[in-house]
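Colleague: Numbers 1 to 431, taken from my numbering, label the letters of the sequence shown in order.
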Amino acid sequence: MASSEDVFRKYQEYVATSFVKKVEPIAIAEGRGAYVRDLDGKEYLDCFSGISVANTGHCQEKVVKAIQDQAGRLLHCCTYMYHVAPAAELAERLAKIAPDGLRKTFFSNSGAEAIECALKMGKKFTRKHEVIALMCSFHGRTLGTLSVTGQWGRRRYDMGPYLGGVSFAPAPYCYRCSLGQTYPECGIQCAHMIEDIIEYSSSNNVAEFIAEPILGEGGIIVPPPEYFKTVKKIIDQHGIIFIDDEVQTGFGRTGRMFGIEHYQVTPDIMCLAKGIASGMPLGACMAKAEIADSYEPGDHLSTFGGNPVSCAAGVASLDVMLEQDLPKQSQTKGEYLLKRIRELQSTESIIGEVRGRGLMVGVELVEEHKHKTPAEGKAAKIKELLRMKGILVGVGGVKGNVVRIQPPLVITEQQLDTLIDHLAGSMREAR
Ligand code: PLP
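Structure representation (structure tokens):
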């Protein structure tokens, strides 16, 4: 078997890794439940789930079995034939659990592709062409998805031109409100501004509004409870459809099956990926039938979309999520995690804000509280210290100063306690 050094060398020589500042110096070989193990046999408590993917846990038995069974029967079948494969089964199952009315699914291979599908579909359906997206949002790395990603400084330099006709509304980021307001006295001005954006910043040709129910890469930004209802009321009046990007918030991550369920709003299109198939590549764009049916032959297709093995993993993952009620587990464990980390706030002055829902938790770090100077370097340091102690977390946020905790939903309270103890220790060391 290759050694860790062999793997590092081959990566450095042959794999393009320039998309991250630094690849973690560990070579992961196996995973089980909430743990992964590297080639040297060291175990890590994975509190980031491979960027919020392994919701059912690594190598969940039932999912692995479904993949093995399907792989022995059929690996691939083209999109323009019916196939006795799990795509239809998964689409039906998704329609049963999705918010009301979302009935038809286009399968793809990734989150970005699901968003591309949605952006095109919304334009085709409305016969309009402009888009409203949120500042601080993240929707993927293709040219189309970057065009609606509201992080120009961090994600979009030197690769344009991007799509025109995109306007950005202020993020519902109460800790760092662009409008200088304080919630709830603000009356959620950021949501009401969408009316102004339609009037003054578009040519009144807006097809769609795209948003994540919780802004993940942006730093686990949780919009106020009435945010989406207010926005939906405004966009409905203008015939604008709502694209709900659930790539990161879907499949129990936030304590509900889909993040938008916290907001009592029904999207017109919903995009899924990441946790959908426990790690197999799969994306899905679900839409109301009349919207999905606006696509005409040739408008959209993906060679691998709806791959039988990925869809088999998707069906099995859904079974596991429902049998084990993972959304509920995520909610309960998330409340515990938030409470425990908030307790650290009294002693750890580096913590600016702790926020999240379910097992999607962000800890925003600051150098001082008055000006909320982002502690970017410290977030990276804490991540490194935790890794050395055998715990994996993520770092993100528009200022790069948010420690992201998004473990498999099967993680235990005891394992969360281990994380919290080490998090506290690492914060002190980083200080
Ligand atoms: N949308 C959101 C909210 C995401 O977090 C991501 C990825 O992090 C994407 C879209 C893009 O998904 P993918 O990396 O599968 O293309």
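Don't be surprised by glycine CBs; every beta carbon is placed ideally from N, CA and C. This one's a predicted model, so the numbers in the text were calculated from it and none came from an experiment.
Can you tell me whether Ser330 is helix, strand or coil according to DSSP?
Modeller: helix
Colleague: Which residue's Cα is closest to the Cα of Leu102: Ser110, Glu92 and Gly111?
Modeller: Glu92
Colleague: So what does Phe106 bridge to, in DSSP terms?
Modeller: In DSSP, Phe106 forms a bridge with Cys285.
Colleague: Output the distance between the C-alpha atoms of Leu365 and Met270, rounded to the nearest integer angstrom.
Modeller: 32 angstroms
Colleague: Using the beta-carbon of each residue, find all residues closer than 5 angstroms to any heavy atom of ligand 1 and list them in chain order.
Modeller: Ser110, Gly111, Ala112, His139, Gly140, Glu212, Gly216, Asp245, Val247, Gln248 and Ala273
Colleague: So what's Leu90 in DSSP terms, helix, strand or just coil?
Modeller: helix
Colleague: Roughly how far, in whole angstroms, is the beta-carbon of Met159 from the beta-carbon of Ile291, given that I think they are within contact range, below 8 angstroms?
Modeller: With 8 angstroms as the limit, Met159 and Ile291 do not qualify as a contact, their Cβ atoms being about 30 angstroms apart.
Colleague: According to DSSP, which residues form a beta bridge with Met159?
Modeller: None; Met159 has no bridge partner.
Colleague: According to DSSP, is Met1 part of a helix, a strand, or is it coil?
Modeller: coil
Colleague: Is DSSP giving Met270 helix, strand or coil here?
Modeller: strand
Colleague: By Cβ distance, which residues of its chain are closer than 6 angstroms to Phe228, with the 5 residues on each side in sequence left out?
Modeller: Tyr263 and Val265
Colleague: Per the DSSP calculation, Met135 is bridged to which residue(s)?
Modeller: Gly150
Colleague: Between the Cα of Glu353 and those of Ser426, Leu359 and Ile341, spot the shortest distance and give me the residue it belongs to.
Modeller: Ile341
Colleague: What runs of the beta strand (DSSP E), each 3 residues or longer, lie entirely inside the segment 238-266?
Modeller: 241-245
Colleague: Using alpha carbons as the reference points, say which of Phe125, Leu163, Tyr183 and Asp417 lies closest to Pro172.
Modeller: Tyr183
Colleague: Go through its chain and collect everything with a Cβ distance to Gln60's Cβ below 7 angstroms, but skip five positions before and after it.
Modeller: Ser278 and Val320
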